[in-house]
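This report concerns only the one structure given below.
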Amino acid sequence: MQVYPQFDPIINGLQHNGVLHNYALGDFVVANCSSDMSSPPARLYWYINDRSVSIAPSIDVHVPECKIIVPFPAFTVQPQVPSEFLQPQHETTVENDGFLLRSHTLEVRFYIDEKRLGKLKGKLVLKCLARIESIPQATRESSQIIYTETTDELSNQKLINWRGSDGMYSRSSK
């Protein structure tokens with residue numbers, strides 16, 4: 803017997819006490835998507851600005867920050883990590899009137915950068931799709947929008963702050 807999901811997937815992690823977090827370029831985002839109970843279970847897919855998030859290898863890796871000290875100049879080398887990655891899907895099973903219903907949860911993690919923002923300056927659209935491959939009409943989705951300040955907005959704010967008391971922009975003498 804097939805049981806379709808009744809509700810759209812739920813996106814969690816982007817809010818604190820019901821208020822959407824304020825994000826900026828360089829921030830690390832962690833979001834979870836949970837599907838509704840169904841049989842067979844829905845497989846979850848993440849999209850960022852309509853671009854599919856690929857699945858990273860399912861290995862547990864911890865890479866500490868590497869520091870290389872040179873007499874002059876000193877610098878820090880950051881290890882290369884994927885720009886976005888998914889955690890393995892978790893499954894929850896519930897028995898209801900003799901039927902096994904399943905729900906999946908999938909976590910995405912990524913840094914906000916200019917490349918990811920693309921043409922949508924200052925806006926990221928996160929979409930979670932819950933799809934049962936054998937039942938395409940049972941596909942459900944949810945979206946959440948993250949707004950960020952763009953580099954242009956930050957530059958404009960600096961210009962406003964440089965305006966002197968006479969209303970004229972002051973220039974640095976250096």
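Just so you know, we're using the numbering used here here: the sequence shown kicks off at 803 and counts up by one. Idealized CB from N, CA, C, for every residue including glycine. Keep in mind it's a predicted model, so treat the numbers as computed, not measured.
{"Item": "Collapsed DSSP secondary structure at GLN946 in the structure displayed", "Value": "strand"}
{"Item": "Buried versus exposed call for HIS823 [16 or more other C-beta atoms within 10 Å across all chains shown]", "Value": "exposed"}
{"Item": "Range of the contiguous alpha helix (DSSP H) that encloses LYS917", "Value": "916-919"}
{"Item": "Residue interval of the beta strand (DSSP E) (run including VAL927)", "Value": "925-933"}
{"Item": "Through-space distance from GLU951 to GLY924, alpha-carbon basis", "Value": "5 Å"}
{"Item": "For GLN817, the three-state DSSP class (helix, strand or coil)", "Value": "strand"}
{"Item": "Closer than 7 Å: ASP829 CB and nearest the ligand SAM heavy atom", "Value": "What this structure holds is no ligand at all, so the ligand SAM is not there to describe."}
{"Item": "Validate contact between the segment 807-816 and the segment 886-895 using beta carbons, cut 8 Å, 3 pairs", "Value": "no"}
{"Item": "Given LEU908 as reference, the closest of VAL832, LEU928, LEU816 and SER836 once Cα atoms are compared", "Value": "SER836"}
{"Item": "Identity of the residue in PHE901, LYS917, ASN851 and ARG918 nearest CYS930 by Cα", "Value": "ASN851"}
{"Item": "Residue burial classification, ILE934 (beta-carbon count within 10 angstroms, cutoff 16)", "Value": "buried"}
{"Item": "First and last residue of the uninterrupted beta strand (DSSP E) at LEU827", "Value": "Where LEU827 is concerned, there is no enclosing beta strand (DSSP E), given that its DSSP letter is neither H nor E."}
{"Item": "Alpha-carbon spacing of VAL801 relative to ARG853, whole angstroms", "Value": "A query on residue 801 cannot be resolved here, the shown segment of the chain reaching from 803 to 976 and no further."}
{"Item": "Euclidean distance between Cα positions of PRO938 and THR895", "Value": "22 Å"}
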